[in-house]
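Everything below concerns the one structure shown next.
Residue numbers (our numbering), protein chains in the order written: chain A, 1303 to 1592; chain B, 127 to 619.
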């Protein structure tokens, strides 16, 4: 690449880089603030109000959070729900999107209509609860994995993605003697890895954050995922108890609130870079010759 | 080629099956046996980080004494209202449901449509319930004239101006008795260097955003608690305006933290506990919760005290707190027979017995406290959070429990003053009344007034501006609220 050596273009490149850097910094700073606060002492936060680097490094907030074993247990629950849930999500979504992507499938239009219908009309909490209850899934983790196994939106996008894979690829595999399942597994999926990785991340984040469904369907507190407990800590530490009920609650430190946010989002942040290579990968890498 | 595919598929299937087996465990509830302890289910709330354990010792004691076996579903406070809403809508109700937000429209509608038992005909059979429940509080929780639940007693007269007694003594002042005394004390705390460090770095009164405890001050001036019988809301009275003017004076003379409009409760607390502020408007409970000890860590000479009976232009008036926190309601779908209901009421009646009251107030004798001179003295520093939650959420009343033997002098005064202040309490005549417009728009209308309060104190609007904000409240729905409340009040009589 030949770069212009004129002053004007150099100046513009510099200004451009500077502006983008400032912008990135602005989005990055809140994160730094939260992480820094979580490692600071309560006294320092109340003194300074805003700090980016704690002068006294302290783990007291994290110690507080993990002092109870219910938090560790709920962390395992969340990890379990996220891993198993996302696997279920992807398997079912792919298995449903692939056949629907073939234009010659019988009844295809009807099925697609029904799926779009569910996207537009939401039954609401109560009917959903009654259905889950009647299937005996109450108070089990199935209630978190099955009802939301396939997201209609993701399904439709994936179907469209499969549909625009050139049929020459599939036909060439067929000529080699492969049946549909093998075509799916050996030809289509490797090409679609970027799309599947993207959806995995969407599903995983959704599963990781699941709060409302566990609250409604699971009564046994030992089976709760971490978001329920974390929300309780954050709300209680904001003094959100309400004197009106006649309960005067001791106010938990600000640092605990920050540490909770870090614990709730860090795992997703850590996993993301590993999935990034699949996003960046091209859709079709040298697959068709001639 | 096919082999690796089949292998991965098999692995996947195995994973899903294992997860199914692990997830599929549900506990089967034991069917209630007749002739043994009375079994019933309850939904209750917890404020601690973790829910109370099923085998909590306090719960066991309650079950022993009342001959019951309780199946309690503990729900975190942060999700309680949602959970109650779903529970009611799903029809899977516990036999005793603690309703915290009993003014909620769905609860009211549920009660009116017969979802809960009307307790009015049964209360008379229970000695404690019929004698001890406060008539004013009962009136405020009745729906359509019928009593649908047992309320949990909470202190009625809790407000107190908490201040640094050591500063007061150092400056040669005595406990304030009138509003002017309070002003002088706050002024002295700000300007006369009470902490003796030579710097002018102290504030008389620490406040926080929303100034929630300003209603204590408006009571001093003679304003009603929320509503007057003739339908005037408290902020429309002259006395309320006088309270705002008083705050304005404090603000303009810099006797109050200048950032109070955005200060969080935690920040106000920090100002007070770090020795930068001399007083705060709070509750007597603050003197019972070890705040003095926290202060002493910083300044060993620190002493706290409080005052609640302040004389204003209308004599001594104390704001009423409602007197209850949460109501236990009994659903007809899960409490199927009158006999079951009577057993439930019997359980609640027993909670008034002195041994139970002592349990809720002090804990388990021998574990948490011991009896010295007929008073309870703590053996442990602090009751464990989850056990404390059980004690605090399961009790109905502990007014007659054993006194604490190890309170600080401030703590003793707090307990006495809460009883004493009851004599001067001004009840809210409209407590518990429902107004349709208030349910729909109340919150946003209230915001007009809340914002106007602060603006007036900060000086951005003047008296005429305040009056016009009130006008705004009235025309945007406030007048309708007043009408509806007056009608509801008349029909309740």
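Yeah, the Cβ is synthetic: ideal placement off N, Cα and C, and Gly gets one too.
Contact between the stretch 181-192 of chain B and the stretch 202-212 of chain B is not established, with fewer than three Cβ pairs separated by less than 8 Å. For residue 1533 (chain A), the residues of chain B that pass the 8 Å Cβ criterion are 202, 204 and 205, in the order they occur in the chain.
Contact between residue 568 (chain B) and residue 607 (chain B) holds, since their C-beta atoms are separated by about 7 Å, short of 8 Å. A Cβ of chain B is located within less than 8 Å of the beta carbon of residue 1521 (chain A). With a threshold of 8 Å between beta carbons, residue 1372 (chain A) makes contact with chain B.
Around the Cβ of residue 176 (chain B), a 10 Å sphere holds 16 or more other Cβ atoms; the residue is buried. Residue 1518 (chain A) has a beta carbon lying within less than 8 Å of a beta carbon in chain B. In the structure shown, the three-state DSSP call for residue 418 (chain B) is helix.
Under the Cβ criterion of 8 Å, residue 183 (chain B) is not counted among the residues facing chain A.
As the crow flies, the alpha-carbon of residue 1431 (chain A) is around 45 Å from that of residue 506 (chain B). Burial state of residue 1477 (chain A) is exposed, judged by a 10 Å Cβ sphere holding fewer than 16 other Cβ atoms. Looking at the DSSP output, residue 201 (chain B) bridges to B:171.
The shortest CA-to-CA distance from residue 1557 (chain A) to any of A:1531, A:1346 and A:1321 is the one to A:1346. The Cβ neighbour count for residue 1429 (chain A), taken over all protein chains shown within 10 Å, is under 16; the residue is labelled exposed. Rounded to whole angstroms, the separation of the alpha carbons of residue 281 (chain B) and residue 537 (chain B) is 15 Å. Counting C-beta atoms within 10 angstroms of its own C-beta, residue 1340 (chain A) has 16 or more neighbours from the protein chains shown and is therefore classed as buried.
The stretch 358-368 of chain B and the stretch 274-294 of chain B do not touch, with fewer than three beta-carbon pairs separated by less than 8 Å.
With its beta carbon less than 8 Å from one in chain B, residue 1428 (chain A) belongs to the interface. Only residues of its own chain outside the window of five on either side were considered, and among them none has a CB closer than 6 Å to the CB of residue 317 (chain B). Put simply, the CB of residue 216 (chain B) is near chain A, with a gap under 8 Å to one of its CB atoms. Runs of beta strand (DSSP E) with 3 or more residues, each lying fully within the stretch 470-518 of chain B, are found at 495-498 and 501-504, listed in chain order. Within chain B, the residues placing a beta-carbon under 9 Å from that of residue 1432 (chain A) are 216 and 217, ordered along the chain. For residue 455 (chain B), the secondary structure class from DSSP, reduced to helix, strand or coil, is strand.
Note that the C-beta distance between residue 552 (chain B) and residue 444 (chain B) is below 8 Å. For residue 286 (chain B), the enclosing beta strand (DSSP E) begins and ends at 285-290.
The residue from A:1530, A:1577 and A:1538 with its alpha-carbon nearest to that of residue 1566 (chain A) is A:1530. Using a 10 angstroms sphere on the CB of residue 372 (chain B), the tally of other CB atoms reaches 16 or more, which defines it as buried. DSSP places residue 406 (chain B) inside the beta strand (DSSP E), whose first and last residues are 403-409.
Nearest to residue 500 (chain B) by C-alpha distance, out of B:527, B:515 and B:508, is B:527. In this structure residue 1569 (chain A) does not touch residue 1379 (chain A) by the C-beta definition: roughly 13 Å separates them, more than the 8 Å allowed. Counting C-beta atoms within 10 angstroms of its own C-beta, residue 178 (chain B) has 16 or more neighbours from the protein chains shown and is therefore classed as buried.
Take the alpha-carbon of residue 398 (chain B) and the one of residue 404 (chain B): they are about 7 Å apart.
For the stretch 162-174 of chain B, the set of positions with a beta-carbon nearer than 7 Å to some beta-carbon of chain A reads 173 in chain order.
Taking the CA atoms as reference points, residue 1450 (chain A) sits about 20 Å from residue 1401 (chain A). Taken in chain order, the unbroken stretches of alpha helix (DSSP H) that lie wholly in the stretch 1341-1424 of chain A and span 4 residues or more are 1344-1350, 1362-1367, 1371-1402 and 1410-1422. When the alpha-carbon of residue 1521 (chain A) is set against those of B:220, B:227 and B:251, the nearest one is in B:220.
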